[in-house]
Amino acid sequence: MHIHWFPGHMTKAIRMMATELSRVDCVIQVLDARAPMSCMNPAFDAVIGNRPRLFVINKYDLIEPDDAKLWKRYFQMAKYNFVFADSAHKTDALAVKNGLKETASVISERYRKKGVEKTIRAMVIGIPNVGKSTLINSLTAEKKTVTGDRPGVTRGKQWVAIDKYIDLLDSPGVLYPDFKDQEKATRLALIGSIKDDVLDKCELALLGIKILCKLAPNKLATRYNISDINAHNPLGILEEITLLRGYRLKGDTPDIERAASAFINEFRKGQIGKFVLDEIPLL
Ligand code: G4P
589 MHIHWFPGHM
599 TKAIRMMATE
609 LSRVDCVIQV
619 LDARAPMSCM
629 NPAFDAVIGN
639 RPRLFVINKY
649 DLIEPDDAKL
659 WKRYFQMAKY
669 NFVFADSAHK
679 TDALAVKNGL
689 KETASVISER
699 YRKKGVEKTI
709 RAMVIGIPNV
719 GKSTLINSLT
729 AEKKTVTGDR
739 PGVTRGKQWV
749 AIDKYIDLLD
759 SPGVLYPDFK
769 DQEKATRLAL
779 IGSIKDDVLD
789 KCELALLGIK
799 ILCKLAPNKL
809 ATRYNISDIN
819 AHNPLGILEE
829 ITLLRGYRLK
839 GDTPDIERAA
849 SAFINEFRKG
859 QIGKFVLDEI
869 PLL
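Under my numbering, think of the first position of the sequence shown as 589, with each following residue one higher.
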């Protein structure tokens, strides 16, 4: 399977993002904890420029605590501002706000030196499906929309005060994932960051099964009740899932595509287990 890359779309998206970013002081870049490196893209760095950036390593609930420790070490060594979050369960909104305040402190300090108490404007950005909207909801729950004009705000977008000194743009900035590296594109497809309609589900499921067989075959075996998982290749495993789940088309033909969809959905929801797809860099 070749996951297509459209350089034109990427350029346009980056240009649009640059316009949006010209209105903010700092950014929250959301990453999926299962593949944070794949969620980054050097093309984004240029557009973010030297604005302070807080990485939110989201979907923290979908990785093992030991892997979180390794990511923590990597992000600390790389001197990034970061926090872990499980936005779906709204448990980390305070940590994200504190992280943002700390990240933006250089800007607040700059204003203070000039004798002004200015509100910091922040924006959430990231590739699709990493949990940007869910994070915004967890940060803005019960918060009031900022009244009064904010120059240059695109119609339909509003600022919400999440803190006395921080306003957040209520709609996220979507970044285009990088498809050039096909292994990375596969990881992004598995976490749901690449539109399913450009993907072949069976091929993606086979690639996913191959990866999980390397990472933790026991989790796969347990989820699908496959007793001799090491005796099967990925296609054999997908066929086993089809058989064991009883997925059939009319005329009793095995419905392997349904098994592929089930595998992909269950992987995305963390039902097969907790996995990190990216190799954790050693600094
Ligand atoms: P986006 O704006 O970046 O595109 O992502 P969005 O917030 O729409 O979230 C994408 C999916 O990820 C949603 O699931 C959402 O519930 C889930 N999600 C977001 N944050 C977390 C998290 O911290 N942990 C976990 N486990 N899931 C998270 P969905 O299946 O598409 O929709 P639904 O579950 O809301 O029905």
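All residues carry an ideal CB built from backbone N, CA and C; glycine is no exception.
Terminal residues of the beta strand (DSSP E) in which residue i lies
i    : result
R661 : Not the beta strand (DSSP E): R661 falls in the alpha helix (DSSP H), residues 653-665.
F767 : From DSSP, F767 is part of no beta strand (DSSP E); its letter is neither H nor E.
N638 : Run containing N638: none; DSSP gives neither H nor E here.
F670 : 669-673
A729 : No beta strand (DSSP E) contains A729, which DSSP labels as neither H nor E.
Contacts around residue i, its chain only, beta-carbon distance under 6 Å, and the 5 residues preceding and following it disregarded
i    : result
N717 : G780, S781
M604 : none
R709 : V612, D613, D755
V741 : Legend: pLDDT at V741 = 48, less than 50; position of this residue unreliable, value from coordinates given subsequently. Nothing meets the Cβ criterion.
L795 : T774
Y668 : F643
M625 : D866
T599 : none
G858 : L650
P739 : Reliability fails at P739, whose pLDDT of 49 lies under 50, so the model's placement of it is uncertain and the value that follows must be treated cautiously. Contacts found: none.
Residue i - DSSP class collapsed to helix/strand/coil
i    : result
P624 : helix
D751 : strand
D737 : Any answer about D737 is weak, because its pLDDT of 48 lies below 50 and its placement is not dependable; what the coordinates show is given next. Three-state DSSP puts D737 in coil, outside helix and strand.
T742 : Model confidence at T742 stands at a pLDDT of 49, short of 50, so the residue's coordinates are unreliable; what they give is reported in the following sentence. In the structure shown, T742 sits in coil (DSSP, three-state: anything other than H, G, I, E or B).
F863 : coil
L619 : strand
G796 : helix
L723 : helix
V762 : strand
L756 : strand
N717 : coil
N818 : helix
V694 : helix
I868 : coil
Own chain, CB closer than 8 Å to residue i, minus 5 neighbours either side, in chain order
i    : result
Y699 : E705, K706
A606 : V635
P842 : E827, T830, L831, Y835, R836
A804 : G861, F863
K745 : L757, D758, S759
T558 : This structure gives no information on residue 558, because the portion of the chain shown stretches from 589 to 871.
G637 : L609
S815 : A809
Y648 : A621, A656, F672, A673, D674, D680
Residue interval of the alpha helix (DSSP H) (run including residue i)
i    : result
V684 : 681-691
I713 : Segment 708-714 is the beta strand (DSSP E) holding I713; no alpha helix (DSSP H) there.
L872 : Residue 872 cannot be examined here, being either before or after the span of the chain that is shown, 589 to 871.
N853 : 844-856
T841 : Premise fails: T841 is in no alpha helix (DSSP H) and is neither H nor E.
N806 : 805-812
R833 : 822-833
Own chain, CB closer than 7 Å to residue i, minus 5 neighbours either side, in chain order
i    : result
G736 : Residue confidence is low: G736 scores 49 on pLDDT, short of 50, so the model does not pin down where it sits. No coordinate-derived value is stated.
S696 : I708, Y753
F855 : L778, G796
K720 : V618, V712, G714, P760
task = Tell me, please, whether the stretch 671-684 touches the stretch 641-650 by the rule of three or more beta-carbon pairs shorter than 8 Å.
result = Using a Cβ-Cβ distance cut-off of 8 Å, the stretch 671-684 and the stretch 641-650 are in contact, since at least three pairs of beta carbons, one from each stretch, lie closer than that value.
ask   = Between the stretch 762-773 and the stretch 815-828, do at least 3 Cβ pairs fall closer than 8 Å?
value = No contact exists between the stretch 762-773 and the stretch 815-828.
inquiry  = Whether or not the stretch 722-731 and the stretch 783-800 are in contact is what I'm after, with contact meaning three or more pairs of Cβ atoms, one per stretch, closer than 8 Å; do they touch?
reply    = Three or more Cβ pairs closer than 8 Å define a contact, and the stretch 783-800 falls short of that threshold against the stretch 722-731.
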